[in-house]
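**Q** This structure is in structure tokens; I'll ask about it shortly.
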Amino acid sequence: MEKKKIPVAMSGGAVSSVAALLLREAGYAVAGATMLLGVHRLGDEAGRFTNESVADAQSVCGRLGIPHRIFDFADLMEQRGIGQFVRECQNGQTPNPCVDCNRHLKFGALPRHPGRRQGEGCFHTGPGSDYAGAIRRFYTADEVLGGGIIEEVVRV
Numbered sequence: 000m001e002k003k004k005i006p007v008a009m010s011g012g013a014v015s016s017v018a019a020l021l022l023r024e025a026g027y028a029v030a031g032a033t034m035l036l037g038v039h040r041l042g043d044e045a046g047r048f049t050n051e052s053v054a055d056a057q058s059v060c061g062r063l064g065i066p067h068r069i070f071d072f073a074d075l076m077e078q079r080g081i082g083q084f085v086r087e088c089q090n091g092q093t094p095n096p097c098v099d100c101n102r103h104l105k106f107g108a109l110p111r112h113p114g115r116r117q118g119e120g121c122f123h124t125g126p127g128s129d130y131a132g133a134i135r136r137f138y139t140a141d142e143v144l145g146g147g148i149i150e151e152v153v154r155v
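For the sequence shown, numbering that gives the first Met the number 0 gives the first residue as 0, with consecutive numbering after it.
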């Protein structure tokens, strides 16, 4: 039977890295998906992306042996994130850029991107997603922060 495909929004940080590891260990076909949000769009001479979070996500995916895709949302971030923030400030409002970014990018453009693969029925977005419940495996904060789980990601 074919494994259920689950792309994971990968920031390169500990939470998304552990989520990818746990889902992979639970038998899912995991792929990392990273939003390129800044001005560093081009790779260096060796083809590595110069954006640190993208490079971190690439490295984690490589260590986990899962595919990694990068989606360039720099223009959308400028328009819906930074631009919206500036417009609201100019109008005397108190913006909340994380709400706008989550709505338009993390939960909007990323899961709906045409670059997603056929058969990917759901999309894991890190904190707030119920991956622990989905795979029936739970950890206390002490276990995660104690390093054992994070060390597993680094060791792989």
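For each residue, glycine too, the CB sits at the ideal point set by N, CA and C.
(1) Can you tell me whether K2 is buried or exposed? The criterion is at least 16 other CB atoms within 10 Å of its CB, across all chains shown.
(2) Classify G31 as helix, strand or coil using the three-state DSSP reduction.
(3) Taking only the alpha-carbon atoms, compute the straight-line gap between A108 and N95 and give it to the nearest angstrom.
(4) Nearest to I5 by CA position, among V98, L21, E87 and G80, is which residue?
(5) Using a Cβ distance threshold of 8 angstroms, determine whether the stretch 7-26 contacts the stretch 77-97, with at least three qualifying pairs required.
(6) Measure how close the beta-carbons of H67 and Q83 come, nearest whole angstrom, since I'm counting them as under 8 angstroms.
(7) Mapping DSSP to helix, strand and coil, what is A8?
(8) Between A73 and T124, what straight-line distance do the alpha-carbon atoms span, to the nearest angstrom?
(9) First and last residue of the beta strand (DSSP E) that includes I70?
(10) Entirely within the stretch 58-102 and at least 3 residues each: give me those beta strand (DSSP E) ranges in chain order.
(11) Rank A30, C121, C60 and V53 by C-alpha distance to the C-alpha of G157 and give the top, closest one.
**A** For this structure:
(1) Answer is exposed; the Cβ neighbour count stays below 16.
(2) strand
(3) 19 angstroms
(4) L21
(5) no
(6) About 28 angstroms separates the two Cβ atoms, so there is no contact after all.
(7) Here A8 sits in strand by DSSP.
(8) 19 angstroms
(9) A small correction: the amino acid at residue 70 is Phe; Ile does not occupy that position in the sequence shown. It spans H67 to D71 - the beta strand (DSSP E) in which F70 sits, taken as one unbroken run.
(10) 67-71
(11) Because the chain here runs from 0 to 155, residue 157 falls outside it and cannot be looked at.
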